[in-house]
Amino acid sequence: MKSRSYTCLILTSMVSLFFLMMVLYGVFSPQQAGISILRQDYQLLGRPLYKLDLNWPKNPELFSGNVFGVAVNQYAGVVYVAQRGDNVPKVLVFTTEGDFLMYWNTTTLEMPHGIFLADAMSNPTVWITDVGNGPYGHCIKQYSPSGNLLQVLGTPGKAGSGLNPLQFDQPAEIYVHDSGEIYIVDGDGGINNRLIKLSKEQEVLWVHGEKGQGLAQFYIPHSVTIDNAQRVWVADRGNKRIQVFNSLTGDWLGSWGSCFTEDAPYSVRLTPDKKYFVVVQLNTNQISLLEAPPVGLIGQCRVISVIQLADEVKPHLVDLDQKSGALYVAEIGAQQAQKFTPFSLGEAFV
């Protein structure tokens, strides 16, 4: 009897190890595998790629509002966290190790939504989209790293659809390419449903601006990013899909929708190794990593890994440290930002 029990135990262990290896190396999708690795108040489904850093930040009590966005300067080792609320600092600044540095208590920001760190190596500046309805709202602002206002895109306090001069209505997010070219998704529930490309000199190069469900039409475009193959990826939130465009011409290239049947994509970013797109789904409290397609192919989306957060965390927008690969998540429901660091192979079996 002891020998038979021992044999069963070995077989059970081998089967468990086999299925874990299948999940680890992506043979099964998260839905197929049905296997999870529990880590504190979240689960990892599919291939375990990221783990929560419980020590970041060192003073989480400093979060005092609704956290909407994060931006990382990998060269300075600094993380900017944008939050909303009455009588709260609009931007908190931490080191990538979790130490608190400073806050911006600026009156030039009403309701920050998206935040982006541009030109990180040589001349870093912080761009913030403002969806407020007051005299400073409906525009996009560029700040110095210490919070000094440098310039404003749009017409402060006036929602609109104009291109000359530029007007926005609740602009959701901005992405500034290394070339200096600017991509804007406008807006977060306003009258506009647009993807706009500006030159380095801030001249309009092309626009997709029709509301609808057709190709190159949008309903609440919420996030935008660029890959190394001159492709623009847009989280088309209201239509529960990601649309892809040629960054030079603006031509429509493809769409991903099969991965978002339960909830819409809210944020889209590319990992530093260019292997995965990080996509947030707010209502299902999920952060998914989707396989990035090769050059010349869009194909169908494929989920490789999922970070399933606790109920009511409500992840909104994300950013990644382009040196370490660390993932920072702005969480509205939990009123905090969190840091996830890449798994090493050995840690997957701990």
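The opening residue of the sequence shown carries number 22 in this note's numbering; numbering runs sequentially from there.
We treat Cβ as the ideally placed atom computed from N, Cα and C, and that holds for glycine.
Here the structure is a predicted model, which is why all the values come from computation and not from measurement.
Going by C-alpha to C-alpha distance, which of the options sits closest to residue i?
i	options	result
Thr146	Gly168, Pro133, Ala180	Gly168
Leu318	Gly155, Asp294, Asn267, Gly90	Asn267
Ala250	Arg105, Ile161, Leu274	Leu274
Trp206	Ile263, Pro186, Gly235	In the sequence as presented, Trp is not what sits at residue 206; that position holds Val. Residue Ile263 is the option with its Cα nearest to Val206.
Val99	Gly135, Pro133, His134, Met142	Met142
Gln163	Arg105, Leu184, Gly183, Ile203	Ile203
Thr127	Tyr96, Gly201, Tyr157, Phe137	Tyr157
Leu348	Thr292, Leu171, Ile217	Thr292
Asn144	His134, Phe281, Tyr96	Tyr96
Asp151	Pro166, Leu130, Ala331, Leu170	Leu130
Ile212	His159, Phe89, Asp272, Pro177	His159
Gly153	Leu174, Pro166, Phe137, Gly178	Gly178
Val253	Thr282, Ile217, Tyr287	Ile217
Arg258	Gln307, Tyr287, Ala358, Asp272	Tyr287
Leu338	Lys111, Glu352, Asp62	Glu352
Pro78	Gly119, Val91, Lys72, Tyr101	Gly119
Pro363	Cys322, Tyr297, Thr246	Tyr297
Val93	Val350, Gln357, Gly354	Val350
Cys322	Cys280, Gly183, Leu219	Cys280
Lys261	Phe121, Phe89, Thr305, Trp227	Thr305
Determine which residues share a DSSP beta bridge with residue i and list them.
i	result
Asp257	Pro242, Arg262
Ile136	Ile149
Asn304	Asn304 is not bridged to any residue.
Asp207	Pro192, Arg215
Phe10	Here the chain comprises residues numbered 22 to 371, so residue 10 is not present and cannot be evaluated.
Tyr96	Looking at the DSSP assignment, Tyr96 forms no beta bridge with any residue, so it has no partner.
Gly275	Val265
Gly90	Ala103
Val350	Val339, Gln359
Leu187	Leu184
Could you have a look at residue i and say whether DSSP puts it in helix, strand or coil?
i	result
Leu70	coil
Cys373	Residue coverage of the chain in this structure runs from 22 to 371, which leaves residue 373 outside it and unanswerable.
Leu236	coil
Glu118	coil
Ser50	Any reading at Ser50 needs caution, since the residue's pLDDT is 39, under 50, leaving its predicted position unreliable; the model's value is listed next. In the structure shown, Ser50 sits in coil (DSSP, three-state: anything other than H, G, I, E or B).
Leu174	strand
Pro166	coil
Glu82	helix
Cys322	coil
Met123	strand
Phe364	coil
Val316	coil
Ile247	strand
Asp340	strand
His229	strand
Val109	coil
Gln223	coil
Ile328	strand
Glu202	coil
Ala358	strand
Val197	strand
Ala285	coil
Write down the C-beta distance between residue i and residue j rounded to the nearest angstrom, noting that I regard them as a contact closer than 8 Å.
i	j	result
Leu341	Val299	7 Å
Gly106	Asn87	6 Å
Gln223	Glu231	That pair is no contact at about 23 Å.
Ile161	Phe189	7 Å
Lys335	Ala358	So it is not a contact: roughly 12 Å between Cβ atoms.
Taking 7 Å as the cut-off, is the beta-carbon of residue i closer than that to any non-hydrogen atom of the ligand ATP?
i	result
Asn126	For the ligand ATP, the structure offers nothing, since it holds no ligand at all.
Stretch pair the stretch 194 to 205 + the stretch 230 to 247: three plus CB contacts closer than 8 Å: yes
Given 8 Å, three or more beta-carbon pairs between the stretch 60 to 80 and the stretch 320 to 337: yes
Inter-stretch contact (C-beta, 8 Å, three-pair minimum) for the stretch 112 to 123 and the stretch 70 to 90: Touching, per the Cβ criterion.
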